[in-house]
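Take a look at the structure below.
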Amino acid sequence: MYIRGDHAELVVGGRLDVRSAADARTVLHSAVDDGAGDLVLDLSELDSWDATGLGVIMGAHRRAGRCGRRLVLRGVPPQMQRLLVATRLHRILAIEGGIGVETLPRV
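The numbering of the sequence shown is the working numbering, which starts it at 111 and goes up by one.
And the structure:
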């Protein structure tokens, strides 16, 4: 897993899972704490995430809200869009361009 960017936009790539969760949490929390306005997470280079990785995203979302900021997801890959819909988190998280639930392929 790698994260590059600053306190306004971060690109997350690789695998966001139990092995990378602690490092990702540290970087995301620092970005939230050090900036203002929307924090955009570009997930277009993310290969996969597990429940722990999704928990890191949700934790950053909650922390951003407490800091008066908004976490915005950009470039969410289709398989991860399906997971957000299945968990109904697409209703809570800000997703740039939204998720076209009806256009997602059935599994």
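Note that beta-carbon positions come from the ideal geometry of N, C-alpha and C, so glycine has one too.
L183 carries a strand assignment under DSSP once its states are collapsed to helix, strand and coil. Assignment of beta strand (DSSP E) within the segment 118-171, counting only whole runs of 3 or more residues, yields 119-126 and 149-159 in chain order. Boundaries of the beta strand (DSSP E) around R114: Y112 to G115.
DSSP lists L183 as the beta-bridge partner residues of I205. When the beta-carbon positions are compared, L181 and I167 come within less than 9 angstroms of each other.
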